[in-house]
Amino acid sequence: MKKAFSVLIIVLTIVFIPLYSAESKSIQSLNDLSSCKELYTYSGYNYAYFYGYTSNTLYSAQSIPDINLRYIKVDGLIRAVCHNETCAYALYESKATGRSYSIVRMNMQSGACDYFDIGAQNNIINSSFAVTDAEIFIIRTDSYNSYAASYDISGKRKYNYKFDFNIEKLFINNSKAYAVLSNGDIYAIENGMHTYCNNLGNNLNFANAGTGYVYTEGKLLISLTDNSRENIINAKASKVLKCKNKLFSFTGNTLKSSDGGKITIPDAYMLTATANLISVLSSNYECNTISISEMYENRSGNNEYDNNTNQSYQDFENQYKVKDNIILGIESGTTVSQFKKNFSEEITVYNKDGDASASGKIATGFQCKVYDNIYKIAVRGDVTGEGNVKSNDVDVIMKNIVGLYSLENEFYAAADYNFDGVLDNRDLVLIAQKCQSQ
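Under my numbering, the first residue of the sequence shown carries the number 2, and numbering increases by one thereafter.
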């Protein structure tokens, strides 16, 4: 049972009114993003942004539907930033008064900027905050724990959100506010209510990955809407997103979707998206916006996997694939060391006895661990678990086809030589040819 401690309604008013308004600067070039300490992404239904900050300047680059960079300088030290569908925000310490905090709100459509004074606060954790249309959320501490306090735009303190575990981070996705607890739990918070969404696992570092999703450094794609989690070990943070139930990620210079769409983009640094468009920011801070439909034009069909897009294979950044938590595409005779060289991530291979293996042939029935994720291994044609293809593999597959034997899980995947999801005579012929050619 996921539960929280009490949510308190507060009527205390603090100094949190607009001090004054200003106008942000607007430029077409995105080169100024290079000066940011860190860049973040926001993907929405109608707008998408790349945003970040320097010590005293808030930057936000709208990338969809058109390209426009706005920035505003503040008289203080910026501690954290966030973004929703229409505005960028920065939490900063006032240069004049030290520990007095303010928030600047930069409207990305009109360019107008408003400043709000929170006042001197010694019990604020300033590493993150969140702003929605109705509430501003700040992490505060007391003698027992850290929690979220919310305010309305007029300055009235609204609610305290306290949980069984400390709040580690606040963030925005799809213009909604979320709290991450120290145990990895994610809660949506709004109007005094809290709703359990998911758990980040063992790694609390993550980035937004499209509307309703975040992607962790532990290689998990986390849904904020249906409590699902997917192992996506080929992806890199800010280069993976899910949109309209399709997974988009890069394999080398190719942006691919989980249902077979692909397009070559030579230089990709970060991704954002709306319902029908994807925007790619290059390492030179140039923005390339493409229609998702472009990814399905002129498909060659030359790749064995591409001919079977209904199978929803995920690409690694090497020759391997993964489906149903099974790594596919490993050729017979591949050694453990050769297999491991194809991964940039930390990887451990385990033999069928569960012992770590560093040498010898890799075989069907082995497993590997990438970060905190465990994957089964299927070597093409190796249904006996010996690491190569022999006549006894052909015999086992023939018995399976006529109903005298039943291959399951990674062994069935190893027998599906042409990756069409069906074990039949076509696979038998291909494996027999492989056996004869060795």
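Cβ atoms here follow ideal geometry from the backbone N, Cα and C, with glycine treated the same way.
DSSP beta-bridge partners for Arg-80?
-> For the purposes of this step, residue 80 is identified with residue 79 of the sequence shown, where counting begins at 1. DSSP, once it has assigned bridges, lists no residue as partnering Arg-80.
Are the beta-carbon atoms of Leu-431 and Tyr-413 separated by less than 9 Å?
-> Indexing the sequence shown from 1 puts residue 431 at position 430. Indexing the sequence shown from 1 puts residue 413 at position 412. Contact: no.
DSSP state of Gln-122, grouped into three classes?
-> Counted from its first residue, the sequence shown places residue 122 at position 121. DSSP places Gln-122 in coil when its eight states are reduced to three.
Cα-Cα separation, Tyr-306 to Ser-224 | Counting from one through the sequence shown, the residue named residue 306 turns up at place 305. Counting from one through the sequence shown, the residue named residue 224 turns up at place 223. Model confidence at Tyr-306 stands at a pLDDT of 40, short of 50, so the residue's coordinates are unreliable; what they give is reported in the following sentence. Taking the straight line from one Cα to the other gives about 26 Å.
Evaluate Asn-124 with the Cβ neighbour count: other Cβ atoms within 10 Å of its Cβ, from every protein chain shown; 16 or more gives buried, anything less gives exposed.
-> One-based indexing of the sequence shown puts residue 124 at position 123. Asn-124 comes out exposed.
Residue closest to Lys-240, alpha-carbon to alpha-carbon, out of Gly-253, Lys-163 and Tyr-145 | Walking along the sequence shown from the start, residue 240 turns up at place 239. The option with the nearest alpha carbon to Lys-240 is Gly-253.
Count the other CB atoms within 10 Å of the CB of Ser-129; is the residue buried (16 or more) or exposed (fewer)?
-> Within the sequence shown, numbered from 1, the residue matching residue 129 stands at position 128. Under this definition Ser-129 is a buried residue.
Within its chain, find whatever has a CB closer than 8 Å to the CB of Ile-104; leave out the 5 residues flanking it on each side and keep chain order.
-> Counted from its first residue, the sequence shown places residue 104 at position 103. These residues qualify, in order along the chain: Tyr-90, Ala-91, Leu-92, Tyr-93, Tyr-116, Phe-117, Ile-119, Phe-130, Val-132 and Ile-137.
Going by DSSP, which residues form a beta bridge with Phe-51?
-> As a position in the sequence shown, residue 51 is number 50, starting the count at 1. Bridge partners of Phe-51: Thr-42 and Ala-62.
Which class does Ser-259 belong to by DSSP, given the choice of helix, strand or coil?
-> In the sequence shown, residue 259 corresponds to position 258, counting from 1. Here Ser-259 sits in coil by DSSP.
Tell me Glu-231's beta-bridge partners as DSSP assigns them.
-> The residue given as residue 231 occupies position 230 in the sequence shown. Answer is Leu-222.
Could you tell me whether the Cβ atoms of Met-107 and Cys-83 are closer together than 9 Å?
-> Here residue 107 corresponds to residue number 106 of the sequence shown, with the count starting at 1. Here residue 83 corresponds to residue number 82 of the sequence shown, with the count starting at 1. Contact flag unset, no.
How many Å lie between Leu-429 and Tyr-376 at the Cα?
-> By 1-based counting over the sequence shown, the position of residue 429 is 428. By 1-based counting over the sequence shown, the position of residue 376 is 375. C-alpha separation (whole angstroms): 25 Å.
Start and end of the alpha helix (DSSP H) containing Ser-144?
-> Indexing the sequence shown from 1 puts residue 144 at position 143. Segment: none, Ser-144 is in no alpha helix (DSSP H) and carries neither H nor E.
Where Thr-335 falls, given that 16 or more other Cβ within 10 Å makes a residue buried = Residue 335 sits at position 334 when you count from the first residue of the sequence shown. Answer is buried; the Cβ neighbour count reaches 16.
Bridge partners - Thr-217, DSSP secondary structure assignment | Your numbering for residue 217 matches position 216 in the sequence shown. Beta-bridge pairing links Thr-217 to Phe-207.
Using only the heavy atoms of the ligand FMN, determine whether one of them is closer than 8 Å to the beta carbon of Tyr-297.
-> No copy of the ligand FMN appears in this structure; indeed no ligand is present at all.
Quick one: residues in its chain with C-beta nearer than 6 Å to the C-beta of Ala-150, no 5 flanking neighbours on either side, listed in chain order?
-> As a working note, residue 150 is residue 149 in the sequence shown. Cβ neighbours of Ala-150 beyond the five flanking positions: Ile-139, Arg-141 and Asn-161.
Which residue comes first and which comes last in the beta strand (DSSP E) that contains Leu-182?
-> One-based indexing of the sequence shown puts residue 182 at position 181. Segment 177 to 182, the beta strand (DSSP E) holding Leu-182.
In whole angstroms, what separates the C-alpha of Lys-157 from that of Asn-192?
-> Your numbering for residue 157 matches position 156 in the sequence shown. Your numbering for residue 192 matches position 191 in the sequence shown. Each residue's alpha carbon lies about 13 Å from the other.
Which residue from Ser-259, Asn-146 and Gln-110 puts its Cα closest to that of Ile-126?
-> Locating residue 126 in the sequence shown gives position 125, where the first residue counts as 1. Cα-wise, what sits closest to Ile-126 is Asn-146.
Per DSSP, Gln-368 forms a beta bridge with which residues?
-> As a position in the sequence shown, residue 368 is number 367, starting the count at 1. DSSP, once it has assigned bridges, lists Tyr-351 and Lys-377 as partnering Gln-368.
Where Ile-173 and Ala-359 are concerned, what is the direct C-alpha to C-alpha distance, given to the nearest angstrom?
-> Locating residue 173 in the sequence shown gives position 172, counting from the first residue. Locating residue 359 in the sequence shown gives position 358, counting from the first residue. Straight-line Cα distance between these residues: approximately 43 Å.
Tyr-286 versus Tyr-188: straight-line alpha-carbon distance, rounded | Position 285 of the sequence shown, counted from the start, is the residue given in the question as residue 286. Position 187 of the sequence shown, counted from the start, is the residue given in the question as residue 188. When rounded, the distance between both Cα atoms is 34 Å.
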